[in-house]
Amino acid sequence: MRKYEDTYQHKGLRKKLAGLLREKGITDENVLDAINTIPRHYFLDSAFDKIAYEDRAFEIAAGQTISQPYTVAYQTQLLQVKRSDKILEIGTGSVYQATILAEMGAWVYTIERQKKLYDLQKEYYFRNKYPNIKFFFGDGFEGLQTYAPFDKIIITAAAPFIPPKLVQQLKVGGMMVIPVDEGETQRMLRLTKLEDGTVKEEAFEQFSFVPMLTGRNR
Ligand code: SAH
7 MRKYEDTYQH
17 KGLRKKLAGL
27 LREKGITDEN
37 VLDAINTIPR
47 HYFLDSAFDK
57 IAYEDRAFEI
67 AAGQTISQPY
77 TVAYQTQLLQ
87 VKRSDKILEI
97 GTGSVYQATI
107 LAEMGAWVYT
117 IERQKKLYDL
127 QKEYYFRNKY
137 PNIKFFFGDG
147 FEGLQTYAPF
157 DKIIITAAAP
167 FIPPKLVQQL
177 KVGGMMVIPV
187 DEGETQRMLR
197 LTKLEDGTVK
207 EEAFEQFSFV
217 PMLTGRNR
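If you want it as structure tokens, here you go:
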């Protein structure tokens with residue numbers, strides 16, 4: 007069994023990381039607090055223990071990645087998370103992003119298409135601390151009709167287009183943060199759903215994500 011330890015050294019590196027994200031332009035104090043609270047090294051193989059608080063993405067299982075802390079903070083900030091928000095996440099991956107949202111008091115519904123990664127949630131370290139995360143094995147293009155509508159939706163993989171079903175599953179006034187494919191990099195978009203069912207679109211920085219793929223991979 008893996009031994010999880012959050013030492014003073016980890017805490018110090020984490021505080022530095024939160025400071026760096028602040029310098030890079032993250033201003034939402036709730037986001038910075040969550041980054042400062044969640045031990046990112048618990049979401050990575052123990053071999054990454056010393057570098058877990060560098061502002062970079064790392065490989066996890068099934069050829070996927072844990073997003074860079076700046077990306078996690080940036081997407082979370084754009085989402086304007088409020089306590090008790092009902093949030094759909096596409097791409098559970100390491101569960102780090104979902105944990106940040108849960109720490110901020112949201113109800114998180116997270117979908118993963120890689121069975122190997124989905125199965126890892128059975129060993130999720132914070133299961134008791136964050137019962138407000140629900141895990142699903144499925145295709146994010148389909149969303150979660152049963153639990154719709156959502157206040158917010160966050161896509162953590164490069165979407166080739168805006169999935170229509172996800173727009174449908176968003177509340178009026180709700181927001182979706184989604185990196186949309188433009189080749190090598192993706193433009194971060196924030197969509198706000200309007201009364202007539204259409205969306206208002208705002209465009210932000212370029213990022214680089216692993217692709218959002220259709221179907222499930224058993
Ligand atoms: N939020 C994750 C980032 C993981 S990388 C974290 O904090 O670690 C993106 C993830 O999206 C990968 O695990 C990938 O398998 C998953 N993914 C890609 N396309 C998907 C889809 N259509 N539905 C659900 N998950 C998908």
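The sequence shown lines up with residues 7 to 224 when you count with the numbering used here. In this text, a Cβ means the ideal position worked out from N, Cα and C, and glycines have one as well. These figures come from a predicted structure and were not determined experimentally.
Taking DSSP as the reference, what is the three-state secondary structure of residue i?
i: Gly180; result: strand
i: Lys206; result: strand
i: Asp125; result: helix
i: Asn138; result: coil
i: Pro45; result: coil
i: Thr220; result: coil
i: Leu107; result: helix
i: Glu35; result: helix
i: Tyr10; result: coil
i: Glu29; result: helix
i: Leu23; result: helix
i: Tyr102; result: helix
Can you name, in chain order, every residue of its own chain whose Cβ lies under 6 Å from the Cβ of residue i, other than the five neighbours on each side?
i: Ala68; result: Gln120, Lys122 and Leu123
i: Lys92; result: Trp113, Phe156 and Asp157
i: Phe210; result: Met194
i: Thr198; result: Met181 and Lys206
i: Gln127; result: Phe141
i: Ser214; result: Thr191
Closest to residue i by C-alpha separation, out of the options, would be which residue?
i: Ile44; options: Ala165, Val205, Pro137 and Phe132; result: Phe132
i: Ala112; options: Ala40, Gly221 and Gln175; result: Ala40
i: Tyr59; options: Glu29, Ala24, Thr33 and Val37; result: Ala24
i: Ser100; options: Gln70, Arg196, Met110 and Met218; result: Gln70
i: Thr77; options: Tyr48, Val37 and Leu94; result: Val37
i: Leu26; options: Tyr14, Thr13, Ala108 and Tyr80; result: Tyr80
i: Gln212; options: Arg224, Val186 and Glu129; result: Val186
i: Asp125; options: Asn223, Met7, Lys17 and Arg8; result: Asn223
i: Thr98; options: Asp61, Ala163 and Arg89; result: Ala163
i: Ala104; options: Arg46, Asp202 and Lys177; result: Arg46
i: Ile106; options: Arg62, Pro75 and Ile184; result: Pro75
i: Arg89; options: Glu95, Met110 and Ile96; result: Met110
i: Val87; options: Ile117, Asp61, Glu188 and Val183; result: Val183
i: Thr204; options: Glu188, Gly189 and Gln175; result: Gln175
i: Leu94; options: Tyr102, Ala108, Thr116 and Leu85; result: Thr116
i: Gly144; options: Ile96, Tyr136 and Asp61; result: Ile96
Could you pull out every residue in the same chain whose Cβ sits closer than 8 Å to the Cβ of residue i, ignoring the five residues on either side in sequence?
i: Gln83; result: Ile32, Thr33, Asp34 and Val37
i: Gly179; result: Thr198 and Lys199
i: Glu201; result: Val178
Residues in the same chain with beta-carbon distance under 7 Å from residue i, minus the five sequence neighbours each way, listed in chain order, please.
i: Tyr48; result: Tyr10 and Tyr131
i: Phe64; result: Leu50, Phe54, Thr71 and Ile72
i: Arg28; result: Leu38
i: Lys21; result: Asn42
i: Phe147; result: Pro169, Lys171 and Thr220
i: Arg2; result: In the structure displayed, the chain extends from 7 to 224; residue 2 sits before or after that span and is not available.
i: Pro217; result: Ala163 and Ala164
* Hey, which unbroken runs of the beta strand (DSSP E) at 3 residues or more fall wholly within the region 141–189? -> Runs found: 156–161 and 176–187.
* Are three or more beta carbon pairs between the region 141–155 and the region 48–65 nearer than 8 Å? -> With the rule of 3 Cβ pairs closer than 8 Å, the region 141–155 does not count as touching the region 48–65.
* Asked: In chain order, which continuous runs of the beta strand (DSSP E) of length 3 or greater are located wholly inside the region 52–89?
  -> Here no run is fully enclosed.
* Asked: Can you find at least 3 beta carbon pairs, one from the region 163–171 and one from the region 125–144, that sit closer than 8 Å?
  -> Three or more Cβ pairs closer than 8 Å define a contact, and the region 163–171 falls short of that threshold against the region 125–144.
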